[in-house]
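**Q** So that we are looking at the same thing, I have put the structure below in structure tokens.
Number of protein chains: 2
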Amino acid sequence: MDANRFLSTFHSLTNIGWTEEGVMRLALNTYDVKVRQELVRILSTINANVNLDDAGNIIGSLKGKSDETIAIGSHMDSVPYGGKYDGFYGVMAGLEVLRSVREKGKLPNHTLSLIDFTNEEGARFQPSLLGSGLTTGVFNKDYVYSRKDNDNITFERALMDSGFMGDEKNRLVYNKPKYYVELHIEQGPILEEEGYQIGIPMGIVGLSVYEFTFIGQASQAGPTPMNRRKDALVGASKFITSVRDYARSKDNLRATVGIVNVKPNVYNAIPREVRLTLDIRSTEKSEIDKAASELINMAKKIADEEKLEIRYNHLWTANPVGFSDEVINAIQKACEELNMRYKFMYSWAGHDAQYMTRISRVGMIFIPSHLGISHAKEEFSSDEDMLNGLRVLEKVIELLDR
Amino acid sequence: MDANRFLSTFHSLTNIGWTEEGVMRLALNTYDVKVRQELVRILSTINANVNLDDAGNIIGSLKGKSDETIAIGSHMDSVPYGGKYDGFYGVMAGLEVLRSVREKGKLPNHTLSLIDFTNEEGARFQPSLLGSGLTTGVFNKDYVYSRKDNDNITFERALMDSGFMGDEKNRLVYNKPKYYVELHIEQGPILEEEGYQIGIPMGIVGLSVYEFTFIGQASQAGPTPMNRRKDALVGASKFITSVRDYARSKDNLRATVGIVNVKPNVYNAIPREVRLTLDIRSTEKSEIDKAASELINMAKKIADEEKLEIRYNHLWTANPVGFSDEVINAIQKACEELNMRYKFMYSWAGHDAQYMTRISRVGMIFIPSHLGISHAKEEFSSDEDMLNGLRVLEKVIELLDR
């Protein structure tokens, strides 16, 4: 591999969509479309065969001796105010692997594919993993195409406008890769704090996302005495604090309220409605279900105390998944051959790898995230750590290709 | 006065801007412009002299025997998802007074003016009372014109586009009305609960508005362990609950967090920044100042506990004002002559009357608000209550005109 080529491609392309507040490369927006065009352009310089499926996933392949495929993938979309590394690093590293295989000129045993999945983040279109969900058969087309962003633009519309609408026959579920490997930043503080260079996830924790709406009564802030109020924001605030305190009291649980929308959101009106999301994660499905049920009861109790109505609904669940022992072993072997300090762990974030377990033997490779920060402009992994991950990825592909 | 003419004008015009979620007649938006055009059209049918000042305030006058003026006023803009009565009632009642004076054909001693003040609510352009503030000399033109709405449109731009840009020489501060009377809904539950038909405010309580920003660290919701988080939303939530509990423990204080904006506002990212507004009111300035200082300390303590940064700044203050004894006495006398059950009280909401005390002898008349609800689609006052208020207003003008 060519370290300088990788670093210069990575740093120049991930600046597309960078702003003072972070990366704004939301799925299929102007910035995302621009980096996609760049990716396709570079793939064409190495004569890769580029296919698009009907989720807009980009699949660039170098034909090997056999049609059996080893796929490398991740995503280039970001959350709003996101970081430069999340997802993007994995696609750029895969691109370098393909470039250097082409450069060596030696035909691999397997066909090698690089995949950029559409709308991994779920920031523009909810839920997340829409591209990998459609291509692996988890979601159906009607569901995926009807997802809407905040401006009421459907996924289908955005995909058509982007120029990346492809063909249903190119879905991975009809062309299953034998292996799928995803290289990613940890997005947590463990590897850095404990001094490891590489993390080897055993799988991905489960996730359930709920939406809660607290409904009170708007009124003018001045003339309504404090003891007559039905303030939806006070109820929501008590709930948000309770969620954090509850999750902090459990070992194997994380719970986050990430979205809060207040109506009417005027300084001198008592809030009448607050909608919020609750994200619950654990390695054990049973613990997620227990937490959801206990937090719903807490919300009801708070609504009662504050004379509010409460509504909630379950948005989606991703069950915990385990990765392939064969791929995990290959990653471990690669780390040992390269003298990398590695640690087995879990991924607490969702990844396209999750749905790829339905159709392929899957593994992931993590590199340290400085201070554990992700989904923020401060997200950072050093060039050295990125090159370590790239070396491990290249070695894993070599081992799986034997 | 003509009760049916008043009611039919009121109900048909306040429907301009009505939606299923409430009135959306924000200052100088399409709906506000449309009702303004209707108001000017009706004023022209009674040959009123219509002037605009450089805040877009509409001043329609019927010349009397003298140039000394009795003004009646309020506003036609609404908060988002607002009610049909707030402000609009006062303008429509004043219009009926002018119509019936013109109809009687008897020249009053004083010139009678009707004023529609621009951007009373402060919902589109903050702060509130921009129109009355400029016309009475509280605010200067640069300040008022540079206020921006959420789409970054300045007040000046919106005013020019509306067609209601008028002349600085028409400001009320250069043409001071001797008296100013404003008829308004109570926006609180007291009159209805205690069985009064009319409220006579002695003055308007004071108000201070602050903005607080809690700043933490965004990160991916999954991989960041609960005890390493700097969650700006948890800090803000603890503060919001504390504000309510604090105000509830005081007799003569109201405090409201009305606006909350979260960044990045994504379900799977720990919130890094929450901006919120705090509205503090009391009849006593000293109590507002004390509450502000104690709540700022609470915010600092919470930020400390949650490892957050905190910023706050004072947005604006309106000191408590007292109304003119002469006008209050006239309102009391009118109520007695009309056999209305009336109550002396305070206005806990700001009104254009507040700034009019700088240049005129001012009084207000309140009618009951059903359930005390205002700034919401459920805002309601009966036709009977509205007619009672209109009768008192007409009588007060007659008494002041003697």
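Those protein sequence lines, which keep their order, are chains D and C. Position one of the first sequence corresponds to residue 1 (UniProt numbering), numbered consecutively onward. Position one of the second sequence corresponds to residue 1 (UniProt numbering), numbered consecutively onward. C-beta atoms are modelled at their ideal positions from N, C-alpha and C, and glycine is treated no differently.
1. In chain order, what residues of the same chain have a beta carbon less than 7 Å from the beta carbon of V79 of chain D, not counting five sequence neighbours either side?
2. Pull up the distance between the alpha-carbon of F239 of chain C and that of I280 of chain D, whole angstroms please.
3. In chain order, what residues of the region 336-361 of chain D put their CB closer than 8 Å to some CB of chain C?
4. Under 8 Å, do R228 of chain D and P189 of chain C count as touching if we go by C-beta distance?
5. Among D:L207, D:T224, D:A27, D:P108, which has the Cα closest to the Cα of G64 of chain D?
6. So within the region 8-91 of chain D, which uninterrupted beta strand (DSSP E) runs reach at least 3 residues, ignoring any that extend past its ends?
7. For L278 of chain C, write down the residues that DSSP places opposite it in a beta bridge.
8. Excluding the 5 residues flanking D77 of chain D on each side, which residues of the same chain have their C-beta closer than 8 Å to its C-beta?
9. Given that a residue counts as buried once 16 or more other Cβ atoms are within 10 Å of its Cβ, and exposed if not, what is E110 of chain D?
10. Which of helix, strand or coil does DSSP assign to K141 of chain D?
11. Does Y31 of chain C come within less than 8 Å of chain D when only Cβ atoms are used?
12. Can you give me, in chain order, the residues of the region 374-400 of chain C that have a beta carbon less than 7 Å from any beta carbon in chain D?
13. Can you round the beta-carbon distance between L183 of chain C and I365 of chain C to whole angstroms, since I take them to be within the 8 Å contact cut?
14. Take the Cβ of Y174 of chain C as the centre, count every other Cβ of all protein chains shown within 10 Å, and call the residue buried at 16 or more, exposed below.
15. Answer with yes or no whether the minimum CB distance from I270 of chain D to chain C is below 8 Å.
16. Restricting to Cα atoms, I'd like to know which of C:K250, C:K230, C:Y246 is closest to T256 of chain D.
17. Could you say which of C:L276, C:V260, C:L134, C:T30 lies nearest to R275 of chain D if we only look at CA atoms?
18. Pull out every residue of the region 274-285 of chain D whose Cβ sits closer than 7 Å to any Cβ of chain C, in chain order.
19. Check whether the region 146-166 of chain D and the region 308-324 of chain D touch, using three or more Cβ-Cβ pairs below 8 Å as the test.
20. Short check: CB of C335 of chain C to CB of V266 of chain C, under 8 Å?
21. Would you kindly report the start and end of the unbroken alpha helix (DSSP H) that includes T357 of chain C?
22. Report the partner residues of I153 of chain C according to the DSSP bridge assignment.
23. What residue from C:L399, C:R402, C:E378 has the CA that sits closest to G22 of chain C's CA?
24. Taking the alpha-carbon positions, what's the T136 of chain D to R171 of chain D distance?
25. Could you tell me the boundaries of the beta strand (DSSP E) in which E309 of chain D lies?
26. Tell whether a beta-carbon distance below 8 Å holds between G363 of chain C and I397 of chain C.
27. Establish whether the CB of D334 of chain D and some CB of chain C are separated by less than 8 Å.
28. Would you tell me roughly how many angstroms separate the C-alpha atoms of T317 of chain D and R361 of chain D, rounded to the nearest one?
29. Report yes or no: is there a C-beta of chain D within less than 8 Å of the C-beta of D144 of chain C?
30. Look at the alpha carbon of S382 of chain C and the alpha carbon of M160 of chain C, and state the distance between them as a whole number of angstroms.
31. If you follow the alpha helix (DSSP H) that S293 of chain D is in, where does it begin and where does it stop?
32. Excluding the 5 residues flanking T357 of chain C on each side, which residues of the same chain have their C-beta closer than 6 Å to its C-beta?
33. Could you tell me the distance, in whole angstroms, from the CA atom of I58 of chain D to the CA atom of V205 of chain D?
34. Pull up the distance between the alpha-carbon of I198 of chain D and that of I331 of chain D, whole angstroms please.
35. Taking the alpha helix (DSSP H) that V234 of chain D belongs to, which residues open and close that run?
36. What residues of chain D sit near Q220 of chain C, judged by a beta carbon separation below 7 Å?
**A** So, to answer that:
1. Translated into positions along the first sequence, residue 79 of chain D becomes position 79. If we look at V79 of chain D and ignore the five residues flanking it on each side, its Cβ neighbours are E121, A123, H375.
2. The residue given as residue 239 of chain C occupies position 239 in the second sequence. The residue given as residue 280 of chain D occupies position 280 in the first sequence. Whole-angstrom Cα-Cα distance: 24 Å.
3. S347, W348, A349, G350
4. The residue labelled residue 228 of chain D in the question sits at position 228 within the first sequence. The residue labelled residue 189 of chain C in the question sits at position 189 within the second sequence. Closer than 8 Å, so yes.
5. The sequence position of residue 64 of chain D within the first sequence is 64, counting from 1. Of the candidates D:L207, D:T224, D:A27, D:P108, the one whose C-alpha sits nearest the C-alpha of G64 of chain D is D:P108.
6. 49-52, 58-62, 69-75
7. For the purposes of this step, residue 278 of chain C is taken as residue 278 along the second sequence, with counting starting at 1. L278 of chain C is bridged to C:Y210, C:V257.
8. By 1-based counting over the first sequence, the position of residue 77 of chain D is 77. Closer than 8 Å at Cβ, skipping near neighbours: R25, L26, A27, L28, D32, G87, T118, N119, E120, E121, A123, R124.
9. Position 110 of the first sequence holds residue 110 of chain D. The sequence given here places His at residue 110 of chain D; Glu does not occur at that position. Flag for H110 of chain D reads buried.
10. By 1-based counting over the first sequence, the position of residue 141 of chain D is 141. Looking at K141 of chain D - three-state DSSP - the assignment turns out to be helix.
11. Reading the second sequence from its first residue, position 31 is the one you call residue 31 of chain C. No, because no Cβ of chain D sits closer than 8 Å to the Cβ of Y31 of chain C.
12. S374, H375, A376
13. Looking up residue 183 of chain C in the second sequence gives position 183. Looking up residue 365 of chain C in the second sequence gives position 365. Correct: roughly 5 Å between the Cβ atoms.
14. By one-based count along the second sequence, residue 174 of chain C stands at place 174. Classification of Y174 of chain C: exposed, given that the 10 Å Cβ count is below 16.
15. As a first step, residue 270 of chain D is located in the first sequence; it is residue number 270 there, counting from the start. Chain C, which has a Cβ nearer than 8 Å to the Cβ of I270 of chain D, makes this yes.
16. As a first step, residue 256 of chain D must be located in the first sequence, where it is residue number 256. Comparing Cα-Cα distances from T256 of chain D to each of C:K250, C:K230, C:Y246, the minimum goes to C:K230.
17. Walking along the first sequence from the start, residue 275 of chain D turns up at place 275. R275 of chain D has its Cα closest to that of C:V260, out of C:L276, C:V260, C:L134, C:T30.
18. T277, D279, R281
19. no
20. Looking up residue 335 of chain C in the second sequence gives position 335. Looking up residue 266 of chain C in the second sequence gives position 266. Contact flag unset, no.
21. If you number the second sequence from 1, residue 357 of chain C lands on position 357. Element bounds for T357 of chain C: n/a, residue is neither H nor E.
22. For the purposes of this step, residue 153 of chain C is taken as the residue at position 153 of the second sequence. I153 of chain C is not bridged to any residue.
23. The count along the second sequence starts at 1 and reaches residue 22 of chain C at position 22. When only C-alpha atoms are compared, the closest one is C:E378.
24. Locating residue 136 of chain D in the first sequence gives position 136, where the first residue counts as 1. Locating residue 171 of chain D in the first sequence gives position 171, where the first residue counts as 1. Whole-angstrom Cα-Cα distance: 7 Å.
25. On the first sequence, residue 309 of chain D is found 309 positions in, with the first residue counted as 1. Residues 309-318.
26. Mapped onto the second sequence, residue 363 of chain C falls at position 363. Mapped onto the second sequence, residue 397 of chain C falls at position 397. No, the pair does not count as a contact, with Cβ atoms beyond the cut-off.
27. Reading the first sequence from its first residue, position 334 is the one you call residue 334 of chain D. Here residue 334 of chain D turns out to be Ala, not Asp, going by the sequence shown. It does not: the Cβ of A334 of chain D has no partner Cβ on chain C nearer than 8 Å.
28. What you label residue 317 of chain D is simply residue 317 of the first sequence in a count that begins at 1. What you label residue 361 of chain D is simply residue 361 of the first sequence in a count that begins at 1. Their backbone Cα atoms lie some 22 Å apart in a straight line.
29. Taking the first residue of the second sequence as 1, we reach residue 144 of chain C at position 144. The sequence as given places Val at residue 144 of chain C; Asp does not occur at that position. No, its Cβ sits nowhere closer than 8 Å to a Cβ of chain D.
30. Taking the first residue of the second sequence as position 1, residue 382 of chain C is located at position 382. Taking the first residue of the second sequence as position 1, residue 160 of chain C is located at position 160. Spanning the two alpha carbons is a distance of roughly 37 Å.
31. For this step, residue 293 of chain D is matched to residue 293 along the first sequence. Taken as a continuous stretch (DSSP letters only), the alpha helix (DSSP H) holding S293 of chain D covers 285-305.
32. Counting from one through the second sequence, the residue named residue 357 of chain C turns up at place 357. Excluding residues within five positions, the ones whose Cβ falls inside 6 Å are V321.
33. Here residue 58 of chain D corresponds to residue number 58 of the first sequence, with the count starting at 1. Here residue 205 of chain D corresponds to residue number 205 of the first sequence, with the count starting at 1. Rounded to the nearest angstrom, the two C-alpha atoms are 26 Å apart.
34. On the first sequence, position 198 is the one that residue 198 of chain D refers to. On the first sequence, position 331 is the one that residue 331 of chain D refers to. If you take the alpha carbons of I198 of chain D and I331 of chain D, they lie about 10 Å apart.
35. Translated into the one-based positions of the first sequence, residue 234 of chain D becomes position 234. Residues 232-248.
36. The residue labelled residue 220 of chain C in the question sits at position 220 within the second sequence. Residues of chain D passing the Cβ test: Q187, A349, S374, H375.
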